[in-house]
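In case it helps, the numbering used here puts the sequence shown at residues 76 to 286.
Cβ coordinates follow ideal geometry from the N, Cα and C atoms, glycine included.
Computed from a prediction, not measured in an experiment: that's the story for all the values here.
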Amino acid sequence: MAEGQYQLASEDLEEAISRFDPVMTKKNRSTLITRVFRLVRCYLALLDGRRARCALRKLGVQFSPDEPDSSEYKTLCSRIKLLIAAEKSIEHSRSTDQNWQMAFQLIQSMEKEIMSWGPKFDLALLPGSWTCWKIESLAHLGKTVEAEEVLDQCSKADSSKVNTIKHPGMKSEYQIARAWVDLAKADLSTRVYDALRYAHPAPAGSVSIDL
Numbered sequence: 076m077a078e079g080q081y082q083l084a085s086e087d088l089e090e091a092i093s094r095f096d097p098v099m100t101k102k103n104r105s106t107l108i109t110r111v112f113r114l115v116r117c118y119l120a121l122l123d124g125r126r127a128r129c130a131l132r133k134l135g136v137q138f139s140p141d142e143p144d145s146s147e148y149k150t151l152c153s154r155i156k157l158l159i160a161a162e163k164s165i166e167h168s169r170s171t172d173q174n175w176q177m178a179f180q181l182i183q184s185m186e187k188e189i190m191s192w193g194p195k196f197d198l199a200l201l202p203g204s205w206t207c208w209k210i211e212s213l214a215h216l217g218k219t220v221e222a223e224e225v226l227d228q229c230s231k232a233d234s235s236k237v238n239t240i241k242h243p244g245m246k247s248e249y250q251i252a253r254a255w256v257d258l259a260k261a262d263l264s265t266r267v268y269d270a271l272r273y274a275h276p277a278p279a280g281s282v283s284i285d286l
């Protein structure tokens with residue numbers, strides 16, 4: 076499914092679960108587990124670790140090791156834990172340490188990890204804030220060409236693949252990321268100009284000095 080479809084599916088599942096029969100019969104328990112697992116997978120496909128964790132907590136049930144759902148539960152828990160840890164580390168690297176190399180490495184590490192999760196992720200255009208974080212990190216590292224390539228992918232993407240246009244908050248993040256790229260390009264141009272100017276000073280005789 077495309078990103079927009081995962082978003083719609085998560086909304087439908089949230090509503091279905093909210094109307095679920097609270098009487099926990101064996102059949103109801105099985106249905107609830109199936110729906111919650113689907114919801115968690117939707118949020119993982121959207122790279123939203125916190126919502127995935129909240130979704131899994133809706134179960135409120137314990138799994139014995141011999142249950143058929145136990146293995147899937149452990150897999151989802153592991154992915155949620157990894158995703159939330161990565162999100163926290165990236166946010167810390169961006170806002171506290173200003174360690175853009177670390178932020179970029181964390182994003183690259185997660186790109187490799189999520190390829191085994193099932194959904195067909197477009198690494199050029201990750202869901203949620205991830206693409207904006209990638210652009211921002213590239214800009215701060217002076218990799219303006221790579222950052223502009225990602226921006227170009229965002230501009231070309233249709234609304235079903237990227238939610239930066241559909242949601243005001245994401246649109247704002249996208250605009251901020253673009254601004255960082257523009258600043259990085261301006262800074263790079265200034266440094267190149269200064270380097271060329273000092274590397275090739277004008278001949279002494281070419282400058283007239285009035286006494």
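No Cβ-Cβ contact shorter than 8 Å links I165 with W192. The DSSP-derived three-state label of A261 is helix.
Counting every other CB atom within 10 Å of its CB across the protein chains shown gives M185 a total of 16 or more, marking it as buried. The three-state reading of DSSP puts V98 in coil, since its state is none of H, G, I, E or B. A direct Cα-Cα distance of roughly 13 Å separates A178 from S204.
Note on geometry: alpha-carbon atoms of S93 and D172 lie some 40 Å from one another. M190 has its alpha-carbon roughly 15 Å from the corresponding atom of S153.
Per DSSP, reduced to three states, the secondary structure at M190 is coil, with no helix or strand assignment. Under a 10 Å Cβ-count criterion, T109 is classified as exposed, with fewer than 16 other Cβ atoms of the shown protein chains found around its own Cβ.
Taking the Cα positions, F112 is about 11 Å away from S145. In the displayed model, S204 falls within coil according to three-state DSSP, outside both helix and strand.
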